[in-house]
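One structure is given here, and the rest of the page talks about it.
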Amino acid sequence: MALSGLEIYKLLAKTNCKKCGFPTCLAFAMQLAAKKTSLDKCPSVSEEAKNALESASRPPIKLVTIGEGEEKLEAGNETVLFRHEEKFYHPTGIGFLLEDTQSADELKKAIEEIKKLDFERVGQRIGVNLVALSCKSNDAAKFVEALKTILGGCALPLALMSDDPLIIEKALEISKDKKPLIYKATGVNFKEMANLAKKYKVPLVASAPTLEELAGLVKNLNTEGIEDIILDTGDKALAEKLWDLTQIRRLALKKAFRPFGYPVITFTKSGDPAREVAEASSYVAKYAGIVVLRTRLAWAVLPILTLRQNLYTDPQKPLQVESKIYEVGQVTDKSPVLVTTNFSLTYYTVEGEVEASKVPSFIVVCDAEGMSVLTAWAADKFTADSIASALDKFSIKDKVSHKDLIIPGYVSVLSGKLEEKSGRKVVVGPREASGIPVFLRNLGK
Ligand code: SF4
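Per our numbering, the very first residue in the sequence shown carries number 6; after that it's consecutive.
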């Protein structure tokens, strides 16, 4: 938990000697709290103050990285319980459970299915993050064989799942460069698993059925020198799991309880994909750092990724597209001109419907600070003046030979003033984007 300026001040020498470059210790403390200077600027700082300030500057939930390079998965480093307080930083990693008892062909097919789970939504790519291989056979050779099949076809980060340190080590010998997550250290095997995590420099899951046991296990792992930890509270019903996730996040953030200052991994249990969507969505919404699914069906995975994208968008900064004229299809100087705002979801909804209409069109996107049409209109950010000035700025007159301009039906009230300001003939379009295809196809009929 970060210290306030006054709390830092209490730890300083209070001599106001100015050697730090600030006129008083209080001024220095305030700048330090705002992270605008560093503690080493003060030569008089005591060991006690150093320790207190260093531990206060550690993030309440550690950032843990699985894998390397562009595909690496980062979990943790979250600072708030509720998204509106600030924002959530590291989107929940979505993984898939595979088993070493599956044949090589089944594993290859599964990998191909996982690789296809890559989508575009509101101009962003959303995809999956992890493959978790479980050792069901309890046979190191079989586990390594299955791992080789996965390594041959998949670049995603890996989780290696076995309680047996000997099996995990065999798998690490061929996959250590990918920095996989090893699952799992328990009260029984934690020393051996900790040794593997240290030897191969990989993150480790700490797993215990109760929060008390989990806290004890994490302390033991810390004593062994392990800091890259992911928490797991085992196989439980959804309600119990949500309780665990919430308690862990609360204790880490509100009580600065260090043993819970790590991301959490969860696994869906249901064999029914629709129920898995509900399970996984609950975990994504309630703080899971990683969710491992059984289903690989696109219709089940896409809503989970969509929810994750929405939750991990900064609520203070709506996703925006560039304000400019977009061309959809093979436009000509006769093509219709539609106008909308630069809120990503609005633009991509309009663009999708224009595309579906098969009527090549221009879309003029006005800068409305990332607000949707009605919100922007209510906030005076989508006005006759701003639309007219966007038309001028982007020189729509050089693109089309006609004077028609289609505005969203919800802002039909702008028509008169917009005609006056732009010198164009305003045509009121449909209220909902879903009406665009029929509207465009009927134009001029
Ligand atoms: S150098 Fe240290 S003791 Fe001196 S004014 Fe700055 S904070 Fe205070």
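Glycine is no exception: its CB is placed at the ideal position from the N, C-alpha and C atoms.
Give the C-beta separation of residue i and residue j to the nearest angstrom, bearing in mind that I take them to be a contact with Cβ-Cβ under 8 Å.
{"i": "E281", "j": "R299", "result": "6 Å"}
{"i": "R429", "j": "K408", "result": "5 Å"}
{"i": "F133", "j": "I99", "result": "For the sequence presented, residue 133 should be read as Val rather than Phe. Confirmed, about 5 Å."}
{"i": "K153", "j": "I179", "result": "7 Å"}
{"i": "A438", "j": "V355", "result": "5 Å"}
{"i": "A453", "j": "P268", "result": "The requested residue 453 does not occur in the structure, where the chain is confined to residues 6 to 450."}
{"i": "V297", "j": "L102", "result": "5 Å"}
Return yes when the Cβ of residue j is within less than 9 Å of the Cβ of residue i, no when it is not.
{"i": "A190", "j": "L226", "result": "yes"}
{"i": "I13", "j": "A32", "result": "no"}
{"i": "A303", "j": "K77", "result": "no"}
{"i": "P162", "j": "R313", "result": "no"}
{"i": "F195", "j": "L222", "result": "yes"}
{"i": "E229", "j": "A261", "result": "no"}
{"i": "P208", "j": "T70", "result": "yes"}
{"i": "T273", "j": "Y292", "result": "no"}
{"i": "D123", "j": "I131", "result": "yes"}
{"i": "L396", "j": "S427", "result": "yes"}
{"i": "R446", "j": "S362", "result": "yes"}
{"i": "G72", "j": "K175", "result": "no"}
Is it the case that the CB of residue i approaches a heavy atom of the ligand SF4 more closely than 8 Å?
{"i": "A290", "result": "no"}
{"i": "L58", "result": "no"}
{"i": "L8", "result": "no"}
{"i": "A18", "result": "yes"}
{"i": "S377", "result": "no"}
{"i": "C371", "result": "no"}
{"i": "N200", "result": "no"}
{"i": "K41", "result": "no"}
{"i": "C25", "result": "yes"}
{"i": "S49", "result": "yes"}
{"i": "K46", "result": "yes"}
{"i": "N21", "result": "yes"}
{"i": "T154", "result": "no"}
{"i": "T29", "result": "yes"}
When the Cα atoms are used, what is the spatial distance from residue i to residue j?
{"i": "E374", "j": "A213", "result": "47 Å"}
{"i": "I270", "j": "Q36", "result": "37 Å"}
{"i": "Y353", "j": "S43", "result": "44 Å"}
{"i": "E118", "j": "R301", "result": "7 Å"}
{"i": "E431", "j": "G266", "result": "Note that residue 431 is Val in the sequence shown, not Glu. V431 and G266: Cα-Cα distance of roughly 57 Å."}
{"i": "P48", "j": "K24", "result": "7 Å"}
{"i": "N56", "j": "V369", "result": "56 Å"}
{"i": "L135", "j": "A242", "result": "23 Å"}
{"i": "V306", "j": "K141", "result": "24 Å"}
{"i": "I441", "j": "E358", "result": "6 Å"}
{"i": "A202", "j": "A151", "result": "21 Å"}
{"i": "L171", "j": "L156", "result": "20 Å"}
{"i": "D385", "j": "K402", "result": "25 Å"}
{"i": "L256", "j": "A54", "result": "24 Å"}
{"i": "L310", "j": "Y331", "result": "27 Å"}
{"i": "E425", "j": "D390", "result": "10 Å"}
{"i": "V416", "j": "H89", "result": "29 Å"}
{"i": "P365", "j": "L324", "result": "25 Å"}
{"i": "I411", "j": "L423", "result": "11 Å"}
{"i": "T215", "j": "I235", "result": "15 Å"}
{"i": "V433", "j": "L379", "result": "14 Å"}
{"i": "K41", "j": "A211", "result": "36 Å"}
Starting from residue i, follow the alpha helix (DSSP H) in both directions and report where the run begins and ends.
{"i": "E197", "result": "195-205"}
{"i": "Y353", "result": "349-362"}
{"i": "K246", "result": "243-259"}
{"i": "C30", "result": "30-38"}
{"i": "T311", "result": "303-316"}
{"i": "G221", "result": "216-228"}
{"i": "E75", "result": "Here E75 belongs to no alpha helix (DSSP H), and DSSP marks it neither H nor E."}
{"i": "V282", "result": "278-290"}
{"i": "K92", "result": "Taken as a continuous stretch (DSSP letters only), K92 belongs to no alpha helix (DSSP H), as it is neither H nor E."}
{"i": "L138", "result": "Per DSSP, L138 belongs to no alpha helix (DSSP H); it is in the beta strand (DSSP E), 135-139."}
{"i": "D390", "result": "389-398"}
{"i": "I156", "result": "Position check: residue 156 holds Leu in this sequence, whereas Ile was assumed. Note, L156: alpha helix (DSSP H), 145-158."}
{"i": "T346", "result": "Counting along the chain, T346 falls outside any alpha helix (DSSP H), though it belongs to the beta strand (DSSP E) covering 342-346."}
Locate the beta strand (DSSP E) running through residue i, then write down its first and last residues.
{"i": "I71", "result": "69-71"}
{"i": "K189", "result": "186-190"}
{"i": "L324", "result": "Taken as a continuous stretch (DSSP letters only), L324 belongs to no beta strand (DSSP E), as it is neither H nor E."}
{"i": "S366", "result": "366-371"}
{"i": "R130", "result": "129-132"}
{"i": "K402", "result": "Run containing K402: none; DSSP gives neither H nor E here."}
{"i": "R126", "result": "123-126"}
{"i": "F456", "result": "Residue 456 lies beyond the residue range present for the chain, which begins at 6 and ends at 450; the question has no answer from this structure."}
Could you check if residue i belongs to the surroundings of the ligand FMN, using beta carbon to heavy atom distance under 8 Å?
{"i": "A34", "result": "Absence of the ligand FMN from the depicted structure is noted, with the ligand SF4 being the only ligands included."}
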